[in-house]
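Numbering (this note's numbering), first residue to last: 317 to 492.
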């Protein structure tokens with residue numbers, strides 16, 4: 317039964333997460349934190365941070381890691397397959413149709429309408445992480461990491477992977 321739950325936890329966000337990995341992150345969070353309670357919000361934010369630090373699609377990395385934590389190696393395989401299956405099935409089934417209408421103004425307009433929705437969903441999840449970090453890590457650590465990350469990313473132009481890795485190291489040394 318656990319493998320079916322792992323499959324559903326990543327297949328459903330894959331079907332509904334129009335726009336790729338970033339669009340499916342709030343949906344995955346709802347499944348693994350809210351519905352199945354495999355992770356807490358803190359644990360999910362750590363998985364998301366680690367996934368962002370590694371190359372490749374975020375959804376498959378999260379599916380593999382969470383699937384492994386819940387169901388071992390087979391759970392990881394089921395999670396990764398479930399994350400890519402919606403795209404695989406739809407691309408095979410609708411390839412001709414997509415190719416025919418790829419330049420349609422209606423399709424382009426629909427994409428423009430979906431983007432704000434994705435932005436709101438990502439904003440909500442970022443707000444939840446922000447509130448959780450204040451509660452778990454404290455005000456000083458949260459403000460310090462936000463300010464330092466901003467300076468490193470926007471002013472110094474450090475690669476995000478190094479900022480995430482440095483934040484993880486900071487958390488392990490000063491908050492663990």
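For every residue, glycine included, the Cβ atom is placed at its ideal position computed from N, Cα and C.
Note that the structure is predicted; figures quoted are calculated from it, not measured.
**OP:** Can you tell me which of the three DSSP states residue 415 falls into?
**Re:** Residue 415: helix per DSSP, three-state reduction.
Original post:
Can the beta-carbon of residue 361 be found closer than 8 Å to that of residue 456?
Top reply: no
Original post:
Got a sec, what are the start and stop residues for the alpha helix (DSSP H) residue 423 sits in?
Top reply: 421-453
Original post:
Rounded to a whole number of angstroms, what is the C-alpha to C-alpha distance between residue 436 and residue 491?
Top reply: 30 Å
**OP:** Measure the alpha-carbon distance for residue 321 versus residue 347 and round it to whole angstroms.
**Re:** 10 Å
**OP:** Figure out for me which residue from 453, 463, 412 and 376 has the closest Cα to the Cα of residue 489.
**Re:** 453
Original post:
Any idea what DSSP makes of residue 466, helix, strand or coil?
Top reply: helix
**OP:** Kindly indicate which three-state DSSP category residue 371 falls into: helix, strand or coil?
**Re:** coil
Subject >> residue 450 versus residue 425: straight-line alpha-carbon distance, rounded >> reply: 39 Å
**OP:** Return the residue from the list 476, 332, 432 and 389 that minimises the CA-CA distance to residue 401.
**Re:** 332
Original post:
Who are the Cβ neighbours of residue 323 in its own chain at under 7 Å, not counting the five residues just before and after it?
Top reply: 394 and 398
**OP:** Give the straight-line distance between the Cα atoms of residue 414 and residue 404, rounded to the nearest whole angstrom.
**Re:** 13 Å
**OP:** Have a look at residue 396 and residue 382 and give me their C-alpha separation to the nearest angstrom.
**Re:** When rounded, the separation of the alpha-carbon atoms in residue 396 and residue 382 is 10 Å.
Subject >> DSSP-derived helix/strand/coil call for residue 355 >> reply: Three-state result, residue 355: coil.
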